[in-house]
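Q: Just add 332 to wherever you are in the sequence shown, counting from 1, and you've got the working numbering.
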Amino acid sequence: MLRASAMVFLLMLSVTISADENLAKMTVVNNTSHYLHVLIGDESYLYISPDRSVTQESEGHTTFVVKVFYSPGQGVSGSAERSFDVAPYREESSGCTHGANGGWECTTSPASPGLEAWSIAPDSLQQASP
């Protein structure tokens, strides 16, 4: 019984690990001195304080549409919108060969990051027309 439980736990762990490898991530960093509202797709992140960030994850290859604007009530206005095409994190295998000591030797190419970041500075936000 204990052995079966351990096997189920290990199976669940491996599923969790492999699921993380298929995630595309989008991070928005607030480098202004004001609070920001951030919309990533259908998700809203309100009153993001200066020097903070928000991250959204999505399964597989994703295009994140991001809208950022100053939170209301601060006496400033401005907004920006961008789209980011993000592929999930993965390591590419370059192939395996039979090694000299009897085992297999595999090489991998650099991993694609699966992460896109947009650092919002004050000059990133266009001022609204009066």
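The beta-carbon is built from N, C-alpha and C at its ideal position, and this holds for glycine as well.
Every value quoted in this text rests on a predicted model; they were computed, and no experiment measured them.
#1: Since Val408 sits in a beta bridge, which residues does DSSP pair it with?
#2: Can you give the Cα-Cα distance for His369 and Glu391, rounded to whole angstroms?
#3: Is Leu378 buried or exposed, if buried means 16 or more other CB atoms sit within 10 Å of its CB?
#4: Can you tell me whether Ala356 is buried or exposed? The criterion is at least 16 other CB atoms within 10 Å of its CB, across all chains shown.
#5: Quick check on Ser365: does DSSP put it in helix, strand or coil?
#6: Between the alpha carbons of Gly407 and Gln458, how many angstroms are there, rounded?
#7: On the DSSP letters alone, give me the boundaries of the beta strand (DSSP E) that Ser390 sits inside.
#8: Pop quiz: Ser381 and Asn363 are said to be a contact at Cβ under 8 Å. What is the actual Cβ separation, rounded to whole angstroms?
#9: From this set, Glu375, Ala453 and Glu448, which residue's C-alpha is nearest Ala419's C-alpha?
#10: For my contact list, Ser456 and Ala412 are in at a C-beta cut-off of 8 Å; report their separation, rounded to the angstrom.
#11: Spatial neighbours of Thr359 within its chain, please: CB distance less than 6 Å, with the 5 preceding and 5 following residues excluded, ordered by chain position.
#12: Could you tell me the boundaries of the beta strand (DSSP E) in which Ser376 lies?
#13: Count the other C-beta atoms from every protein chain shown that fall within 10 angstroms of the C-beta of Thr395, then say buried if there are 16 or more, exposed otherwise.
A: Straight from the coordinates:
#1: Within the sequence shown, numbered from 1, the residue matching residue 408 stands at position 76. The partner list for Val408 (beta bridge, DSSP) is empty, contrary to what the question assumes.
#2: Position 37 of the sequence shown, counted from the first residue, corresponds to residue 369. Position 59 of the sequence shown, counted from the first residue, corresponds to residue 391. Whole-angstrom Cα-Cα distance: 24 Å.
#3: Residue numbering aside, residue 378 sits at position 46 when the sequence shown is read from its first letter. It is exposed - the Cβ of Leu378 has fewer than 16 other Cβ atoms within 10 Å.
#4: Walking along the sequence shown from the start, residue 356 turns up at place 24. Label assigned to Ala356: buried.
#5: Counting from one through the sequence shown, the residue named residue 365 turns up at place 33. Three-state result, Ser365: coil.
#6: As a position in the sequence shown, residue 407 is number 75, starting the count at 1. As a position in the sequence shown, residue 458 is number 126, starting the count at 1. C-alpha separation (whole angstroms): 15 Å.
#7: On the sequence shown, residue 390 is found 58 positions in, with the first residue counted as 1. Ser385 to Glu391 is the span of the beta strand (DSSP E), which, as asked, contains Ser390.
#8: Here residue 381 is taken as the residue at index 49 of the sequence shown, counted from 1. Here residue 363 is taken as the residue at index 31 of the sequence shown, counted from 1. Rounded, the Cβ-Cβ distance is 12 Å, inconsistent with contact.
#9: The residue labelled residue 419 in the question sits at position 87 within the sequence shown. It is Glu448 whose Cα lies nearest to the Cα of Ala419.
#10: In the sequence shown, the residue the question calls residue 456 occupies position 124. In the sequence shown, the residue the question calls residue 412 occupies position 80. Their Cβ separation, rounded to whole angstroms, is 5 Å, which keeps Ser456 and Ala412 in contact under 8 Å.
#11: In the sequence shown, counting from the first residue as 1, residue 359 sits at position 27. For Thr359, where only same-chain residues beyond five positions count, the Cβ hits under 6 Å are Ser385, Thr387 and Ala449.
#12: Within the sequence shown, the letter at position 44 stands for residue 376. Glu375 to Ile380 is the span of the beta strand (DSSP E), which, as asked, contains Ser376.
#13: Here residue 395 corresponds to residue number 63 of the sequence shown, with the count starting at 1. Counting Cβ neighbours within 10 Å, Thr395 comes out exposed, since fewer than 16 surround it.
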